[in-house]
Every structure is written in C-alpha cells, then in structure tokens.
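Protein chains in written order, with the numbering used here: chain A, 49 to 332; chain B, 3 to 481; chain C, 2 to 409; chain D, 122 to 273; chain E, 50 to 559. Built from N, CA and C at the ideal position, the CB exists for glycine as well. Below is one structure; the comments refer to it alone.
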Amino acid sequence: MADSFLKSFKNIIKKSKNGFIINAENIAYKDLNRIIRELVKNDKDHTYFSEDSGRSEIIEIQKVLGQRYIGDGIQENIKIVLKGTPGNDLAAFMDGPQIEIFGNAQDASGNTMNSGKIIIHGNAGDITGYSMRGGEIYVRNDVGYRSGIHMKSYREKFPVIVIGGRAGDFLGEYMAGGIVIVLGLNTNDFCRSNSFIFKKNEAVGNFVGTGMHGGVIYIYGDIFENKLGKEIIKSELEGSDKAVLEKYISNYFNYFSLHYNLDYNKFIKLEPYSKRPYGNLYAY
Amino acid sequence: MSNILEDNHLKAKYVIIGNSAAGLSCAEGIRSGDKKAKIMILTNEKFDNYSKPLISYFLAGKIDLKNIFFKDHDFYKKHSLTLLKDFNVKKINFRNKEILSWDDKKVIYEKLCIAAGGVPIIPQVELAFLSEKEEPGNNSNDSHIKHGRSGIKSRIISEIDIKNIDGIFTFTTMDDSLKIKKYVTANKIKESVILGGGLIGLKSAESLLSLGIRINIIEMSGRLLPSSFDKTASEIYEKAFRDKKSSVSVNKTIKRVYIKNNKVVAVETGDGKVIYTDMLVIAAGVKPNIDFIDEETEERKNLVFLRGIKTDKYMRTEVRDVFAAGDIVENKNVLKNSIENIAIWPLAVRQGMAAGQNMAGFFKEYSGGFPMNSVEIFDIPGVAIGITNPDNFDKKHLEIITDYNRDLNVYKKIVIFENKIIGVLLIGNIERAGIFSGLITNKVNVGKIKDLLLKDDFGVIQLPAEYKKHLVTGDAVAL
Amino acid sequence: MNLNLKYKSGYRVPSGCAVFGVINESGRVFNGEMVINAISMMHDRSNGLGGGFAAYGIYPEFKDYYALHLFFDDSLARKETEVFFQKVFKIKYAEDIETGKNNNIKNPPIIARYFVVPKNIITVSEELKELDINNESDYKSAEEEFMARFVTDFNYGSNNAFIISSGKNMGVFKGVGYPEDIGHFYKLDNYKGYLWTSHGRFPTNSTGWWGGAHPFGFLNWSVVHNGEISSYGTNKRFVNDYGYKCSFSTDTEVLTYLFDLLVRKHNISIYLINYILASPLWSDIELFPEEIRDIFKTLRIIYSRALVNGPFSIIVGNQDYMYALNDRIKLRPLVAAKNKDYSFVSSEESSIRKVCPSPDRVWFPDGGEPVLFLLNKKGKKPEIEHSPVEYLNEYFSSNMCKDKQKVV
Amino acid sequence: MQGRLGKVKKIFIREEFCIACRLCEIYCQVEHSKSKKILKAFKEEKDLISRVLVEEVGFNSFAIQCRHCSEALCVEACISGAMIKNKNTGIVICDENKCVGCWMCIMACPYGVIKRNISEKKVASKCDLCGDEEYPVCVKNCPNEALQLRDI
Amino acid sequence: MALKLNQSEFEIHRDEQKCISCQVCVRQCSNDVHEYDEDNESIISDNIKCVGCQRCETLCPTGAIRIKQRESEFKYNYNWSPGHLKNIYKQAETGGVILTGMGSDKPYTIYWDHILFNASQVTNPSIDPLREPMEIKTFIGRKPDKIDLYKSSGKNMKNPVFLTNLGPQLEAEIPVLFSAMSYGSISLNAVKSISRAAYEFGTFYNTGEGGLHKDLKKYSESTIVQVASGRFGVDKDYLNSGAAIEIKIGQGAKPGIGGHLPGEKVNYEVSTTRMIPEGADAISPAPHHDIYSIEDLAQLISALKEATEYKKPVGVKVSAVHNIAPIASGIVRAGADFISIDGFRGGTGAAPQVIRDNVGIPIELALASVDIRLREEGIRHNISLLVAGSIRSSSDVIKAIALGADAVYIGTAALLALGCHLCQKCYTSKCNWGIATQDPYLTKRLNPEIGARRLYNLLTAWAHEIKEMLGGAGINAIESLRGNREHLRGIGLSEKELSILGIKHAGEAW
C-alpha cells in the first residue's frame, strides 16, 4: 500500500546523495506530507540526521508553496529542507526533526512543538512557536504577532526562539517558560512607508510579555516602557545570561552565515514578577 | 572579674561609683554614645547588681535570688563593663582623678560619675544594756540616761551597734535583707518593732508580716508615710495593720532600746511605754551617701549643697569631669522649683542615663523631677505623686479635691494649684494613676475638667483636647 | 430558490475566509487569471459556499455609467425590475453576464448587467430636492447619493432581485462555489482590470447563498473580508442611523457602508479611516504628540460606534486605490507585497508567491496598520487632503526612525 | 495591611473611627487568656484582662493601649527589670516572671494603660503587641480600622 | 396607650452557649434591641424593636446571634398578605403615609434576569482580557453627527485647523458611575467614601441635591453636581465645582414626588452644605417650579450652560415612566448632553411605599424603548444615556450597555458595598451601618477609607468581569457593545417583551 503510494509519485521523488529530493509543485499538502512520512518509515536503517555527527539524511522539498502541516507530528530525527513558502502550521506537534526553510514561513510555525529545530531563512508569520514545549526555532528576519505565545518549558524540555529581526505585538504572551531572543537586526521591515501607526524604532511591538509568568525574553537594545506587559520586569543581564545568549546567538549566526558585533551590555532581560500574576484576581 | 581586684592601679576612661539604678543607667548612657572606651563600676557590695527596692520582696519570699537582679547576667558583658565588687571608697582625690579604697586599691578615671546612693539615717536612740536580771522600762523616765540606774550601761546607738547587736537592723541593702531573714528564721521571731513609718518602714513591715511576724510601727509624725500620705490615707493602712493584729503608733518616738545578752529585748517609746520585741528595724529614712568625700576639702564644699551632691541639668557637679546621679543627688523639684534630694528609682534611672550620655559627650538634659511612690500593703495599692501635702502653697490658688469611699477603701485626693495638678494621692484604686503623673509633668491646665478628675471612668478621653491629641496621637503618630 | 428569503430577513451570516487583492498602480490592466490563481492557493480557507471577485477598469467603454450587476430569481423578477429601471434610469446598455458551464456551480440565478445613469435626480427623488445643487460637482455628489439610496432601497425591498454591483467601470462577480470555480464560471480571463480583489468564503451557521457571497459591491466600493465582527450590532445601528439599510445581514455589507459613510459622506480622508475602524488604544492616543492628540480623541469619541471589533482583515477596492486593514490586535492574517508597480495583499503569502514568486518586498502589516496602494492615474495621485496623519507620520519619521545597523 | 517583618511598628489610634464596640478588648482578653479560644476563655477562665482600653464619652471614643514609647517612663520606673524595651522592635514588654507588682509603672505611664493583674501573682499587665501574631488582635479585629499597625 | 396590633418582623436567636455577654450587640444596636442584665450577667433582646439590619449578627464575635425573618406572623391569606395587614394596622394607629427606604422589593419581573449574554466560539476568537488590551473607557457628553476635522483649503498645511468642537465630555474609566445620593440622606462619611472611590478609580459620583461639602471639593473633577427642585446648596461655585451638572426631575423610587429631609437631620454641617438654616426641614418640591413644560427645561439647561460657560455637560435625570421615550426625545432636543433614567426599582432614602411599589416602569424596558425611539429620530448618537434603578452586578451593566446605555449609575449596590444590609429603614436615621444617618455615634461606623477601598474594589471586580464578558464575546472596546443587542437573548419572555427589548429569544441564531 505504502509502496504503491510512493510509486504513484515516483516522478517527483528523486534519490539524492544523502536522501531524497521532492518537487512539490502543485502537490496537495495531504500527499506531500504522506510522502514525507512514508520516506521516513522506509528508512529502515534509522540513519537519521544528527547535527553533531555530521551524518545526515535529508529530504529536500523544492517549490514548496502553501502546503500546510509539513513535518506535523513527525518524531524521527530527520532533516527536511524546504525551498519556497510552506503553508500554515509548519512543524505542528513536531517531535524531533530539523526543518530548514529557504524562504518565509507563514502562520503558526512550530505550533505545540515538542522537540526539534526550525531554521527559517526569512520571515515567519503570526503565532510562531505557539505553545511550544521544546526545541528551537531560528528566524533570520522578522516574525509576526504573538510569537512565542504560551510557550513553556516542561521538565527537561526547554523551548527557544531566536528572532533575528523584529517581532510584532504580544511577543511571549502568556509565556510560561523557555527563552525568546529578539535581535532586531536583520529586519527588512523597519520603517515602513505605509505605516501610520505609531511604532518606535524598536525590535518588538507592543504588549511584550503580557501575561507572562515564566521564562525569559532577551531583547537587543532597550525598549519603550509602555510596551511592556504589566506582569513583567525589565532588568540587566547577569553573567549566566550572557552564556545562554552566546550559545543561541552563535547558532543563529552559524545557520544564516551572518555576523554582527553585538554589545552584550545592550541586551535587556524581561522576566515575570510572579509565577502567579493573577493570584489576587478572584474573590473566594 | 574578681581577679581584676588584684591589680592595685586601675584605670578607666569612665568610672562609676555605684552599681544600682543610677550607676547602671549611667553605664548604658555612656555606651549609647561611646561604644568602646573602658567603663569601670565600683561597688562596695558583693553582688553583681540587685534592685534595692526588691529586698523587701526577697525578705517576704516573694522573689528568689535569681530574680532580684534588675539587669541580666550578661548586662556587663554586653556593654563591656568592668565591675569592681567590694570596692569601698575611702576617698577621692579629685585633682589626680584617683579613687582610693579602704584596702588601698586605686582607680584612676577620666570622667567620674558618683552614684553611690543613700545610706540609712540612724536616729539618736539610746541603747540600754540590761543585765540578766534587769527588765526593761521599770521606773523608767526621761532622766534615765542622765542619772543612770543600778549601773545600767547605756549609750547612743551607732552603726557599729547595728552590726554587732543581734536584732537591730537597718533595711536598705541586700545584706540587711539576708541578715534579717537569717535572724528571723533562726530565732523564730514573732514580734518586731519598726522605727519609722516611711516607705522603708512600710515595706519592711509588709515583708515581716508576710513572714508571720507581728509589727509595731513607731512613727514620729502623725501619719504613716508622712511625706506622701495624709491622715485619711494613713488611717486606711493603720486600720489594715490593726486588722492584722499589728500596731501603728504615730506621734511617737523610741527613746530607748533594751539589750540583753547582746540582743534586743524591748524598746521604750518617748512616752515611756515599753514594747517587748525580738527585733528592731530602723527605718528612719535614708540620706545621700557622701561620707567618703573628705569633709575638709574644697571639693566637698563645691559638691554638696544641703545633704547631697548638687548637679546642673547635665548632671555635672561643680567639680570638673565629675558627674553624679541617683539618690545621692540634689537637683530640681519641678513642682516646688527648689533644689532637693528626691530619692526615687525612676529619677535615679533618668539621671543616670543623662549623666552617662553627657559623659560620653552628648548633651542630654535632665529637667528635674518630683517625688512619687507606690506601695501595696495588705493588697491595698497606694500611689502618691507630687505634692500631696501642700503646706507652703498660696491657699488662694490651691484646691484640694478628695473622694473617700470607706466601704471600698478607695481614697482619692488631688491637689491643684493654679489650675494645675501638683499632687495626687490614690489609695485602693490606682489603675490609671499614670495619667495624673502625666498631667503633673506636663503642667496641663485642668481647670475645665476638675469635676471629672475623681470620677471612676476618668481617662484620657476627658483630657483637654490638645493634650489628649498629644497623647492619643502623641508618641506613636505622625498623622 | 437561490435567493432564499430567510437569509435576508435579519439572519446574520458570519464567515471565515480567504482574501486576496492585487493592483497595478500604474493602471495597467490584466485579466482575471492571476487573481483566480492566487485565490485558489487558499482553497482550504473556504468551503465552497461562496467565492467572488471585484474588478476595476473592466468597462472602459461604459466608464461614465453605473454598471449594475443583478441576480434574479426568475425571469418574472427580471421583467419587473427592468420595467422599474426604465422609469428611473437611462439605460445605455444591458446584457446577460456571460457564464461558462462548471460542474461545481449549482443553480445559478439569472445574472445580468445594466449600464445606467439616473434620469434627472431632482425629479425622481423628493428627498433630494432639498439638496443645494449649484454646480457639477454638487450634482455628482447628489447623483451618487441618489444611487446609494436607490441600491439600498432596492435591495431592502426586494425578495427576488438583487443589485450586487453598482459602481462605474467596475464589477463584482460572485456566487456559491469555490472562488476558482466562480472565476472560471464568470470567465474572468475575458476581463481586464487594473485592480482585482477576491474572496473565498467559509460561512458558518448556514449554507451559502448567492447574494451573500463576497465581495460586497456598493457604488464604487468593493469589500472582501475575513473574520467575524463582534461589534456587528453596534456598527449596523450606526450605519442605520445614517440611513443605510442592511439587506444582506453580513459583516461585509456593514463594513462597506462604513466606508461609504465615512469616506464619501463624511469626507474623512482614507488616511484616517484606520483610526476609526481600528482605533488606536486610548493608551496609544495618550502617546500622540499633544498638538494632535485631541483630534484623535475626538475622532474616536464621535465614531466610537464605527470601531470594528473582533477579528477581521479586509481588502477594500475603489476606483482610486486598494486598501487593506486588520483589526487592531491582529486576530486575522494579512500579508502585503510589492513587486515593481504591482502590489498585493493576501491572507497568506503563498498566494502572492503563486503569482509573483519573488516580490521586491513582503511584509506583515501590524494590527490596525492600513495598507494603501494608490492608483497613479497619469502620474496624478488622487486628491487626498492634508491630514493630521501626515503630521503624525512626519513627526514620528523624523523623531523615531533611524536606520539600524547594516548587515555585515 | 502589611505584616511586621521585624520593623518597628506601632499601633495608631484613630479616634474618629472608633465605634466603641469594644471588640478590641474582647479579642485582647482572648489572646491573653490561657486557652486563646474565645468561648473557653470567657466561659471557663476568670479575671480576663484586656490590655487595650476603650474610653468613651458620648459619641467620642477610642481604644488606647501601650504606646511603646521611645523613652518609656514605665521602663525607667521599673524596679525589677521586668519592663524592657526591645531596641529592635521597639516593643515594651513586661516580663511577668520578674515583675513584683510594685506598680511603679502604673504610676509612671501617662496613658494609664498598664493594669494590675492580681489574679495570681501580682503583675503589671500591658500590651505586648501580641508578640507572635502578625497583627495585634486589637488591630486585626477592629471592624473599622480605628486601630492601625504602621511602620514608624 | 392602646394595643398595637403589629407583631415583630424578626426573631432574634441567641445561642446562650455561645453568648459571652460581651455586649457588643448592646453597644451596636441603635434601636436598643439588646439589653444587658447585670443581675444575670446575660443579654435580653427585644424582637419588636429589631429592624433586621444584622449589625449585631455581623459584629458578634462568637456568632451567637442570628436574626431570622419571623415566620407565620399572620394567618395565611393569599389576597391579604402580611404586608397589607401590617400597613393597615400601622395606618389605623397613626393615620400616616407608609414610608419606606431603598428600592421596591415587590416581585415584578426583573428583565436583567431574563436576558442572556453571548460568547464567541470558533468563528471568532474570544479575547483574553488579562493579557490583551480591553478598553472600557467611556465618554459621556453630547456628540456631533459627524466630524469636521480640518479645513479643505488653506496654504498652511502644517497646522491643520481642527473644526469640530466636541463639547465637554466626562471621561470615565468604567461605564459605572455612582448615582445621586445626597449628603443629608446619607452620612458625610458615606459621601466621602463614594467620592473618593470615584476619584481614585476615574469615574464619577453625584452629589444628589445635598450640596457639595467643603471636604469633597478636592474630588470635584469626579463630581456631578445635581440641581434639583429645592436648589439646595446651588450657587455659581457649586455649579463650577463639578465636572458635570445634572438637573434632577425625578427619581425612580418616587416619580412625581418631592423630597423631605427632616429638620433633625439638618445639623450644622448639613445646613452649611445645603445652605439652609440648621434644624429646618429641607423640602424639595415635586416639580421644579421653573419647569412646567419641556421648553422651560431647555431654558434651565441653557441657563446652566451660560453660568458655566459651556464647559460642563448638562444632563437631565428623569424617572422611568410610561411615556419615557418621548420624554427622553424632548430632553435631547432641549439641549441636554446626557439623560439619566432611573427605573422604578431605584433606591431612595425615604419614599411613600405606595408610590415606590406602584409607579413607574422597569429600567430595562425604559432603556430599550428610549434607545429605539431616539434612534428612530436619528438623535440617539447625539446624547449619552445613563441608566439606573437597581443595577446589581457587572452582568446587569453589560446587558444595559448592550441594550443601548452608555453607562450605568449604581446607588444601592454602592451602599451595599459600604455595608448596607437593606433593612429599608433609612428614613429613621438610625442606620446602624453609619450610612443613612447623621447621628455622630453612628456615622463613625463608616470609615471612609474602608468605604472608598470597598467601592474601589467593587469597581475593580466589576471591571474585570465586564472585561471577561466582553472578551468572551470577542470585543475589546466597550463602545462596540453599545446597542449591540445581537449579543443579547431573552429567556422566558413573551413576544411583546422581546419586541420591546429588541432582542431575540434564546435559541434563535443571528
């Protein structure tokens, strides 16, 4: 059954040096995602991708355009390379793979992701990393609204999002754990000619960390006080913060072959006042 | 600490003579300003410290030795104080700033506080030494001493006699209390005479009574506690004594004490009455303890005004670097605007504190005081504050209001001069006595509330608005 | 019955959707293939119960006439309507709108178009007699007002015929089906316009009906909309108070009337519209420079009932511009892109890339931040008055925006 | 309301809000009873003494208790060393083990807020700011916040 | 003295096991219900004096007291209810009008309880009010039909000329205001609590016709000063001391009836504040004697605006009566900036029971019909509509706004927050909670710091709840709810009632 399914797509699947190349042009997302799953299942050797060992079996998907749910629910440590613009819910419920996108990602990338890595050579849309529990997301440029919303660490799981450009409003809303780093550097969307709305020239939008009750947000450069959610407190870095930042930022530079000379003293750190910001809200 | 005593030449920046209320407050006062310099305290007693007023409670068995100390055991350590016990000052050489003891120890001070307290007054009483066969009082008359009779030896009592003759005591120190205790226990004493109905007399009477000893108080004036009580107040207690099968004799003196076998057997009052007794407590009051200040010296003249050492409002004496505090001092009586010796505990503490702070270089004023005392005998509490017997005040501006409830044994007397309270006497119900001392201290005009002063529910709320505000919002408030 | 009455009688039909719009700012026309392609990328955002397109510049030969597109239940309705039209309008030209056969399109109504101008409006409308008409421009406004009232009254009063499009040199093509099917059904590759908007519909609570499909056309306005408006009742009453009758019970209809009321009748600059429909928060208004804070405060207070609440992204077409806007906390997606003189807005980036694989620029507008692409007719921008917004922009661009560190 | 946290705190009296309900006295008696339980204390124990005192004249009233004066006259007057002011907390406490019931403190206190407790051994009884409690019970139970615990 | 026929309304249950004879109850009862018997060291209570205010029950430290409504006081009779009997007995004894306090307690339909609010599911998201912006700021004042922002011509482009003059507006942080309760009818401490809470929260309170006490001047930016028929305390300063002026025509509890503050309540402070002699009765005539018709109202509105140089909104408060809709229309046209409508369940310090319980209409219906009528006339948006008359909870607020109100006034709810237990004996001036009294022994019981805090808390809690409900409905600004009746559904209502309310029945979709 599975074999016959793959055979029916043999024209668009090619074996490559270290995996497969799929031409996704005009392929419906259901088919594309099933192809990926079947290819993973067929890999009986489990010679899965490992960033450290340098071994890699890569599924490269070319001409991706709007296909949703790529990587959804996959648990094996494969690597998927996407060229084009994948659709919404990229890597939703993903639990292991590394996905690298040469292009922009749409909304809800990394939705409720458990582990793995998403590397986006471009922008990502709204609610990037929604409820993310583990894994890492690297966005070269900007992200939309509500990135990192409700992300939370859990036992050994520890989610991280690194945003090279600018983040929209409600960054880290309800955030309960993990790290969000915004560099505000590599943005292609800064002074918009059409923008009528009052935005300061800062890396993040309004309502940063509103409802935040865990985790840390690091932002390169200071931000206007009014933007801070009422539950968070701004502070300067400590020594241990710098080590954490260096680790993830060097990853970011590596993935996107970038280099900036960052002055680590310019980072600010946002943390919640309390794990229970609404302790006094209710009358009993 | 005792090994220090072996050192003959001792030096300290601060030296305090006296180890009681004033002396120790002085030490605290110094320490509040000077945390380091050496402070040495000299006492002629052998105890760390004890509260002199407590000796009667000790005698009565109401407290034990453990609790007679009014400062904790670690008080000296905590404040880094050096205590020299058994240090009997012989004389002070003010020019060299040296203090010499009878056993030739020498202490050198930079600043000195004399807080040596008071010593009992020994009245001019005749001691009659009876032979085995002689009985006291027979045919006795006023010429007894002059003419002698069948060779009875007699002489005027001296301090040595009190030490040597069994059954004669003063009652101002722990030693006294211990001695009495030992004596009454060993001899199963049942009967006692107390010479003097003042505070010491009453306190000792109460203690002895509680040990089951009958008391005969002989008071020279017309009432008990003559400086504070009036006749009504006195009678309340006199009656209480009588109820306990004891007696109080006022307007009486003791002219002769009969000694047999070196032991008191009886006293004879001024009117010739002989009272057989096993012991005699001489409680005729105290006087400032200034004997060690050489009478011949210039300094003595400068230091002593009437009976004690006179100080200014910084507790400085006329002698450079010498301060004084406590029962030895003569200072201002704010009610009479006179200089006198007011030997009461709270003033000793306040003076000691002021002296200490001034010694350490802080200007802390002592603004004077007035007498006040509280007693409780036979469960009747009594408080006398200020001038309760205003003899020398202009009668025109003087008002005395009283209320006496015989059934409840409650007596209140308020002395008002120029619309200000200058004295209060409360017997039976003393619950809110302090309000009156506040009114006296603060010279509050009570013209409008005179009618309320004696009421049972009299309290802060009836006080004049400004003063009440000061009290209610007073110390604790910055509204 | 396609035009089932029950959808007209006060039942509101909320819907979630896909929207797409493209404009050639130089005014170059292009056929509908591109927009069909683009909207088809978002097939999954609609459910086959509604799709449609609006196109501007498609009727150059009749550009001075109102192009009325109508749905009729049956030929009787058509007949009655045409008799009525004869009384009111000078009808320059009328025809059935050509449709192709498409298996996915079921039970289409009769679809026809009429190019008309009203006969002397002074004589036909008692109400308009009161208007003070002194010159041509007054007359033009009065004529627009007449048409506006005519269209709303007609639709409100009719059960079996609806005017779905009533602008000049533009038209709305819509129906029940997936948008790509609708596009092919209307043979949109035969039309050439410089501005196209499109809509794929996912209505809830009811099956779709032809009249309820989007875009909503009214005079030159066309509106496509994604989301559900929580403030519907408040907004509806607001436009009702100014004489608009809501016949279609859709959020989009109310939105269209809001634009018509605010821009056409209240003369509020399109630059200011976002400050009403997606007003800045009071806390943001407090941050505006003092000189103009009161203006924005006043704007919000007076037009509080025009605040559109709840999630929405809309694309509004007009003869002069394409305008897109999100709700102020951005509960719906919106992506904009620019490639030379083509400009795009869409619910998803993939639709833009479908028709324009590598645009010069792609960005996400912020919540409440409008996207406005003006038609550059013969190098002349439409006359838009100086507004506080320009002042605001100037203020912030001079004070706030400085170039960031460049990539090494 | 904020807790003590080792700061020097005092009870402020707000006469204008005292409603003379005397709940402060009642709770003070309970707090300083053996059982610390209101019913048990009132029904089974004798001679409960309130260390706070409500004074009342007409509609004017207030509750007054030890002011814990900075220079406490009661401490000065105490002959037994029972009355002690804690320099850290500012609280003046009477150590009832040491107190001999001489009433010097009663005589000295200008507020008249020290009472004779003669139920067993004679001792002076006064406000201890309810030592262990976060708030003194009179403050805690004043229904009208006529007593307030505040920092100094 | 002849026999009195009325029995006690309450029974006082005292658990002797728990009573510690502490006498708190004795001291706290202004009606002398409890008495301490020194001989028995026990407390005896007199049921007949009890008004059921529960002060003693609340303060009893051991919970020994329970006040219970007395059962079976009269033989059961459906027609002749105990209420009728009691009133007749009382009137037979006294020959007087039955007085009562607070709002009507009669079981007329409470429409709030027959209206349900909406929430979002799937088709649009509910909004989380704790994290996302949620605006309930409300402006009260007259609004123009449209805005004229700037001149269309002119060369000075840098300085646009702002043409629209909005007129004075009240800016409230919550669409809840404290309604008119005069100093005199309630204690100064009660007014202090209310005014301070309004000031601190950023909303408004209303002086009622009691004048403005000097201690309250500091809250003037949160004050609506009322001008009633008695004109108590009204002078130029008074008018200028408020943020807005309200002309009081009528009160929901007693439409068409004037007011009467008995002389014994007019102490020095009240007399100074009201500018009347001490000890004299303060009588508010039933009508304003300069308003016998609508054009006279217009005249008064204009006079007040002239006096305050058009700097303050001027509103008119009327009771909800049968033809409230045209009355409201007339008020708009008379130039008022806001209308306050007080429904028949509105509270009062004192009203004849017969009026309170039988005159007027419920605020829900009045609101709906006024909103519709003004809308039909195209003038609804010009004016702000405040409604009052038993707004009991945040859900009542939400429903009122969705029905078309701009904001609500709360009176009884505010007093409840201050401790009122609704014993309805305000007119006796013996209020044990220190609210409806001038007796200094009783007024002390209300500490305005506590009162203000409690009211502030109430507003905070309601604000949270309003935001929760708005968020649930997918709305993040209160203005998008105003008149949004689509979010309301009736339950258990007749077609007629639904039609008056302008809402669908529960179960009907859009």
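| Asked | Found |
| --- | --- |
| C-alpha gap between residue 147 of chain B and residue 26 of chain B, whole angstroms | Confidence at residue 147 of chain B is low in this model, with a pLDDT of 46, below 50, so its placement is unreliable and the value that follows should be read with caution. Taking the straight line joining both Cα atoms gives about 46 Å. |
| Spatial distance of residue 65 of chain E from residue 114 of chain E (CA atoms) | 9 Å |
| Exposed unless 16 or more other CB atoms sit within 10 angstroms - verdict on residue 254 of chain E | buried |
| Whole-number beta carbon distance between residue 351 of chain C and residue 160 of chain A, since they are thought to touch under 8 Å | Going by Cβ atoms, the distance from residue 160 of chain A to residue 351 of chain C rounds to 22 Å, so no, they are not a contact pair. |
| Under 7 Å by beta carbon: chain C residues contacting residue 534 of chain E | 234 |
| 8 Å Cβ shell around residue 174 of chain B - same chain, five flanking residues per side excluded | 54, 57, 120, 121, 122, 202 and 288 |
| is_contact[residue 246 of chain A, chain C] using C-beta, thresh 8 Å | Residue placement at residue 246 of chain A is poorly supported in this model, since its pLDDT is 47, which falls under 50; the coordinates are not used for a value here. |
| Residue nearest to residue 283 of chain E in terms of C-alpha spacing, selected from E:496, E:123, E:320 and E:304 | E:320 |
| Spatial neighbours of residue 330 of chain E in its chain, beta-carbon cut-off 8 Å, leaving aside the 5 residues before and after | 309, 310, 311, 312 and 315 |
| Residue 364 of chain E beta carbon less than 8 Å from that of residue 388 of chain E | yes |
| Partner residues on chain B for residue 229 of chain D, Cβ-Cβ distance less than 7 Å | 348, 436 and 439 |
| Interface flag, residue 254 of chain C vs chain E, CB-CB below 8 Å | no |
| Closer than 7 Å at the beta carbon, the chain G residues around residue 171 of chain C | No chain G appears in the structure shown, which is made up of the protein chains A, B, C, D and E. |
| Exposure label - residue 60 of chain B; buried when at least 16 CB within 10 Å | buried |
| Rounded straight-line distance, which links the Cα of residue 256 of chain A to that of residue 111 of chain E | 51 Å |
| Three-state secondary structure assigned by DSSP to residue 437 of chain B | helix |
| Residue 355 of chain C versus residue 185 of chain C: straight-line alpha-carbon distance, rounded | 18 Å |
| Nearest-angstrom Cα separation, counted from residue 292 of chain C out to residue 148 of chain E | 57 Å |
| Alpha-carbon spacing of residue 447 of chain B relative to residue 469 of chain B, whole angstroms | 9 Å |
| Start-to-end residues for the beta strand (DSSP E) that takes in residue 538 of chain E | 537–539 |
| Residue 163 of chain D classed as buried or exposed, judged by whether at least 16 other C-beta atoms fall within 10 angstroms | buried |
| Every unbroken alpha helix (DSSP H) within the segment 399–445 of chain E, with a cutoff of 4 residues, ordered by chain | 402–405 and 412–425 |
| Residue 499 of chain E and residue 181 of chain D closer than 8 Å at C-beta | no |
| Simplified DSSP state of residue 271 of chain B, which is helix, strand or coil | strand |
| Segment limits, alpha helix (DSSP H) that includes residue 517 of chain E | 497–521 |
| Residue 16 of chain B - partner residues in DSSP beta bridges | B:41 and B:113 |
| Short-range partners of chain D found in the segment 469–499 of chain E, where Cβ spacing is below 7 Å | 489, 490, 493, 494, 496, 498 and 499 |
| Chain-ordered neighbours of residue 179 of chain E on chain A, where CB pairs are closer than 7 Å | 259 and 326 |
| DSSP three-state assignment for residue 357 of chain C, whether helix, strand or coil | coil |
| Three-state secondary structure assigned by DSSP to residue 71 of chain E | coil |
| Cβ contact check for the segment 390–406 of chain E and the segment 188–198 of chain E: 3 or more pairs under 8 Å | no |
| Residues of the segment 67–83 of chain E with Cβ closer than 7 Å to any Cβ of chain D, in chain order | 67, 69, 71, 73, 76 and 77 |
| Nonlocal neighbours in the same chain, by C-beta distance under 6 Å from residue 265 of chain E, ignoring five residues either side | 244 |
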